[in-house]
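Below you'll find the structure, written out as structure tokens, and then a few comments.
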Amino acid sequence: MGEFGLAIAAAMVAAIIKSGIRVDREYERGVIFHLGRFQQIKGPGLYFIVPILDQKVQVDIRTKTVDIAPQEAVTADSVTIKINAVLYYRIIDPMKAIARVENYQVAVYQASMTTLRNIVGQHSLDEMLQGRDKINAKVQEIVDEITEPWGVEIERVELKDVEIPISMQRAMAKEAEAAREKRARLIKAEAEQEASKLLSEAAQQMMENPAALELRRLQMLTEIGAENNTTTLVMIPSDIISLAKEWSTAAHNSNINAQANLAKAQPQIGDADAVPQHRLNASEPSDRLQLPTPVDTQQE
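Right, dumping it as structure tokens:
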């Protein structure tokens, strides 16, 4: 019986020793509580705790990723949107993460979700779409301040998606289209302005040197002929155009002189020697014309 009892005692001691052996990986830490009071943090590697008297809580210190579900929020300009974000955090103090908060994972998720909605309400829709980096940094700063007493560090916050209502998408599309059309018209106007200046300079040079106009006409014929088309061109020398212009000017001047001479040749009203003349104007009524009274030359 003595040997059997010793064997039982040895087996019990071995079981107790075995139950006190702990092994943690590189990314794990053990928070040890002795009789309910925090004692120390152990790991990684092999270590021993006192069975029954000591209790161990294992903590993973790797960076964790939290996907924040889409949340409805109202921006500063009263636009309802849905936002989706992702949060990266890790535990830097395992004792605080276990002793200061009941469930640090749920606490971090709720804090980040609430902060994200508050930040969205302080910015307009344009700022949400154009300044995501600033919003990410602001959310990270606020959530990190909240979770610091829990021994949790917020590494990064990223907005994954911003869902905009269909009506707002159409309005933004119209606005973008109008802005593009405005830029296109401005560019076209600037191009026409520059082209008009260049054409004005070219016309001035051609007026100083008429041969340049003939060279330009020949170059145009060469360009048209290179396309192998069936266009028929009739070339008119510039001298004929100039001569026709001079003729038209001379004819116009002669007409003006003739009208002036005719106006001078008409008699003045009240002239005693003037012979009364009656003109038949098609625009005047026939009853307004004064005709001479007929004389009856027959005698009874």
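The number in our numbering is simply the position in the sequence shown, starting from 1, with 948 added.
Backbone N, C-alpha and C fix where the C-beta goes; we use that ideal spot for every residue, glycine too.
Buried versus exposed call for residue i [16 or more other C-beta atoms within 10 Å across all chains shown]
i: THR1013; result: exposed
i: LEU1107; result: buried
i: GLN1088; result: buried
i: GLY991; result: buried
i: ARG1133; result: exposed
i: THR1170; result: exposed
i: ARG977; result: buried
i: ALA1127; result: exposed
i: LEU1064; result: buried
i: ILE1016; result: buried
i: ILE1029; result: buried
Cα-Cα separation, residue i to residue j
i: TYR1057; j: MET1076; result: 21 Å
i: ILE1094; j: PRO1042; result: 16 Å
i: ALA1198; j: GLN1152; result: 26 Å
i: GLN1053; j: ALA1045; result: 9 Å
i: LEU1166; j: LEU1147; result: 18 Å
i: MET960; j: GLY1099; result: 39 Å
i: GLN1207; j: ALA1150; result: 41 Å
i: VAL1022; j: ASN1084; result: 17 Å
i: LEU1035; j: GLY953; result: 58 Å
i: ILE1090; j: HIS1071; result: 16 Å
i: ALA962; j: VAL1005; result: 23 Å
i: LYS1145; j: ASP1081; result: 46 Å
i: GLU974; j: GLU1123; result: 55 Å
Candidates the options, of which the one nearest residue i by Cα
i: ILE1031; options: GLN1053, ILE1112, LYS1212 and ALA1192; result: ILE1112
i: ARG970; options: ASN1205, SER1072, LEU994 and GLY953; result: LEU994
i: GLN1078; options: ASN1203, ASP1109 and THR1197; result: ASP1109
i: SER1060; options: ASP1081, ALA1033, ALA1021 and HIS1071; result: ALA1033
i: ILE1102; options: THR1011, ILE956 and PHE996; result: THR1011
i: ASP1074; options: ALA1192, ALA1047 and SER1026; result: SER1026
i: TYR1037; options: ARG1104, MET1120, ILE1016 and ILE997; result: ARG1104
i: ASP972; options: PHE996, GLU1125 and ILE1204; result: PHE996
i: VAL1049; options: ASP1015, THR1028 and PRO1097; result: PRO1097
i: VAL979; options: ILE956, ILE1039, ALA958 and ALA957; result: ILE1039
i: GLY984; options: GLN1003, ALA1055 and PRO999; result: GLN1003
i: ASN1066; options: ASN1051, ALA1055, LYS1086 and ASP1081; result: LYS1086
i: GLY1069; options: ILE956, ILE1009 and ALA1024; result: ALA1024
Neighbour flag for residue i against chain B, beta carbons, 7 Å
i: GLN1088; result: Structure shown: chain B not included; a single protein chain is present.
Secondary structure of residue i, DSSP reduced to three states
i: GLY953; result: helix
i: THR1011; result: coil
i: LEU994; result: strand
i: ILE1000; result: coil
i: GLU1020; result: strand
i: GLU976; result: strand
(request) Please list the segments of the alpha helix (DSSP H) lying wholly inside the region 1022–1106, counting only runs of 4 or more residues, in order along the chain. (result) You should have 1042–1047, 1052–1069, 1073–1078 and 1080–1095.
(message) Threshold first: 4 residues or longer. Then list the alpha helix (DSSP H) segments lying entirely within the region 1112–1184, N to C.
(response) Taking only runs of at least 4 residues, the alpha helix (DSSP H) segments lying wholly in the region 1112–1184 are 1114–1156 and 1159–1173.
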